[in-house]
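Novice:
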Amino acid sequence: MDQIELQFWYFLIKGKLDDSTGGFCSYYSYGHRCGEALENTYAAAKKEGISKPNVIEMMRLDDWNDYKIPETAVKVSENTFRLPGTDTFRLNSPSQVFTPPKGIAFSTEEGDFESELIKEGFVAYTKDENGVYEFQMVVDNSRLIEIYFKCADFIEPIEAFWIEIKGHWERRNPELWASKTLCSKEMILDFLRKNRSDTLENGFVDLVVHSPIGLTNLTLSEHKKIQLHTESVEVFNSFIRSVINLGFKQTKDFYNIEFGYHHWHYRPGKSLNRDKFTQMLMDLDFEQQNIES
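Note that numbering that gives the first Met the number 0 has the sequence shown beginning at 0, numbered continuously upward.
Right, dumping it as structure tokens:
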């Protein structure tokens with residue numbers, strides 16, 4: 000690969016080595032952007048027998064002055080290198096670390112808290128001064144999308160859908176796009192399934208489904224938290240009961256990658272860039288909305 004104008008990234012990868020063992024491996028890779036470099040790394044890891052690779056933490060290195068690939072690193076593909084050695088762990092161990100969902104990852108730079116503090120769970124807040132109840136939940140990468148769809152099934156009816164594009168995506172102004180045609184739960188969730196890498200796995204967007212009952216919004220945020228905001232205590236309590244029935248517990252010690260942790264956002268290697276993404280939205284009759292300042 001031509002290395003002119005390429006980014007250079009470090010990735011700590013977590014993967015499956017065999018039926019009972021997982022491992023952590025350190026890779027370095029070039030790509031025109033983070034998602035591309037990460038896909039190069041995943042491809043190299045799979046060729047080395049590491050299945051289901053996922054990134055845990057990362058750092059962009061080409062911005063550093065005079066950074067060089069470590070001398071101990073071994074070239075494993077045209078654009079990817081790996082440090083020798085693998086830290087192993089037992090699969091399905093209760094002490095396994097949280098795996099960030101696709102679209103976001105920890106930075107190698109230390110934050111205020113240890114990453115081991117992040118656990119699956121939720122917090123629920125009583126009605127605020129605006130009459131809104133709030134719910135937030137953290138779910139591991141292994142089942143986030145499955146749980147998000149189940150959460151959508153807990154809300155009836157769903158009649159609207161919008162996407163907020165964050166300003167740090169290509170360092171442009173934020174944008175809000177609402178669908179004029181996706182007006183049922185089935186249509187909205189079908190759109191998300193068909194455009195998974197551009198929406199559910201994109202670390203630069205908030206996805207919001209809306210119910211008129213209680214002016215309820217269910218959001219999958221750019222930080223890949225599942226959030227609920229509603230003015231209806233009935234909707235709020237019913238939603239929490241349904242989440243508990245899925246096996247999730249409420250916690251007072253709620254840690255999530257958004258606060259207290261240095262982190263990176265990215266989009267998958269084969270996803271659309273921002274211009275192509277917004278063109279897709281327009282082609283599908285999404286309409287840009289004014290964002291309140």
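Positions of the beta carbon are idealized from the N, C-alpha and C atoms, including for glycine.
1) State the DSSP-derived secondary structure class of Glu185, mapped to helix, strand or coil.
2) Using the beta-carbon count (16 or more within 10 Å), is Ile290 buried or exposed?
3) If you draw a straight line from the alpha carbon of Lys15 to that of Tyr124, how long is it in whole angstroms?
4) Roughly how many angstroms lie between the CA atoms of His209 and Glu185, to the nearest whole one?
5) Check this for me: beta carbons of Ser19 and Arg89, under 8 Å apart or not?
6) Thinking C-alpha only, which one of Leu116, Leu245, Arg192 and Asp274 is nearest Arg170?
7) With contact counted as at least three CB pairs below 8 Å, one residue from each stretch, are the segment 25-37 and the segment 57-68 in contact?
8) Is the number of C-beta pairs between the segment 119-135 and the segment 240-256 that are closer than 8 Å three or more?
9) Taking DSSP's pairing of strands, which residues face Lys15 in a bridge?
10) Could you check where the beta strand (DSSP E) with Phe247 kicks off and where it finishes?
11) Going by C-alpha to C-alpha distance, which of Glu230, Leu191 and Glu286 sits closest to Tyr147?
12) Between the Cα of Leu5 and those of Ala72, Asn78, Thr71 and Lys224, spot the shortest distance and give me the residue it belongs to.
13) What is the rounded straight-line gap between the Cα of Glu56 and the Cα of Ser241?
14) To the nearest angstrom, report how far apart Gly102 and Leu219 are at their CA atoms.
15) Less than 8 Å between the beta carbons of Ala159 and Glu286, yes or no?
16) Could you give the first and the last residue of the continuous alpha helix (DSSP H) run that contains Ala177?
17) What does a CB cutoff of less than 6 Å around Ser76 pick up in its chain, not counting 5 residues either side in sequence?
18) Which of the three DSSP states, helix, strand or coil, is assigned to Gln95?
19) Please name the residue or residues paired with Asp86 in a DSSP beta bridge.
20) In whole angstroms, what is the alpha-carbon distance linking Glu47 and Ser114?
21) Pick out whichever of Tyr265, Gly130 and Phe23 has its Cα sitting closest to the Cα of Arg35.
22) For Leu116, does the count of other Cβ atoms within 10 angstroms reach 16, so buried, or fall short, so exposed?
23) Alpha carbons only, please: which of His228, Arg195, Thr180 and His222 is nearest the one belonging to Asp284?
24) Please report the distance separating the alpha-carbon of Phe112 from that of Asp282.
25) Around the C-beta of Pro100, are 16 or more other C-beta atoms found within 10 angstroms, so that it is buried, or is it exposed?
26) Work out the CA separation of Phe203 and Asn91 for me, nearest whole Å.
27) Can you tell me whether DSSP reads Ala44 as helix, strand or coil?
28) Where Gly110 and Glu257 are concerned, what is the direct C-alpha to C-alpha distance, given to the nearest angstrom?
29) Evaluate Asp205 with the Cβ neighbour count: other Cβ atoms within 10 Å of its Cβ, from every protein chain shown; 16 or more gives buried, anything less gives exposed.
Specialist: Here's the rundown:
1) The three-state reading of DSSP puts Glu185 in helix, counting H, G and I together.
2) Ile290 is exposed by the Cβ-count criterion.
3) Looking at the two C-alpha atoms, the distance is approximately 37 Å.
4) Cα to Cα, the separation comes out at about 13 Å.
5) Contact flag set, yes.
6) Answer by Cα proximity: Asp274.
7) The segment 25-37 and the segment 57-68 touch, with no fewer than 3 CB-CB distances between them shorter than 8 Å.
8) With a cut-off of 8 Å, the segment 240-256 and the segment 119-135 count as touching, because enough Cβ pairs lie within range.
9) Note: Lys15 is bridge-paired with Gly21 and Ser50 in the DSSP secondary-structure output.
10) Unbroken run through Phe247: none, as it is neither H nor E.
11) Of the listed residues, the one whose Cα sits closest to Tyr147 is Leu191.
12) Closest by C-alpha distance to Leu5, out of Ala72, Asn78, Thr71 and Lys224, is Asn78.
13) Taking C-alpha positions only, Glu56 is separated from Ser241 by approximately 32 Å.
14) Each residue's Cα considered, the two are about 12 Å apart.
15) The beta carbons of Ala159 and Glu286 sit no closer together than 8 Å.
16) Where Ala177 is concerned, there is no enclosing alpha helix (DSSP H), although the beta strand (DSSP E) it sits in stretches over Glu174 to Ser178.
17) Excluding sequence neighbours, Ser76 sits near Ala43.
18) Three-state DSSP puts Gln95 in coil, outside helix and strand.
19) Beta-bridge annotation (DSSP): Asp86 is paired with Phe23.
20) The C-alpha of Glu47 lies about 27 Å from the C-alpha of Ser114.
21) It is Glu, not Arg, that sits at residue 35 in the sequence shown. For Glu35, the nearest C-alpha among the options comes from Tyr265.
22) By the neighbour-count criterion, in which a residue is buried when 16 or more other Cβ atoms sit within 10 angstroms of its Cβ, Leu116 is exposed.
23) It is Thr180.
24) Approximately 43 Å, taken between the alpha carbons.
25) Pro100 should be labelled buried.
26) Computed Cα separation, rounded: 30 Å.
27) Reduced to three states, the DSSP call for Ala44 is helix.
28) When rounded, the distance between both Cα atoms is 11 Å.
29) Per the 10 Å Cβ criterion, buried.
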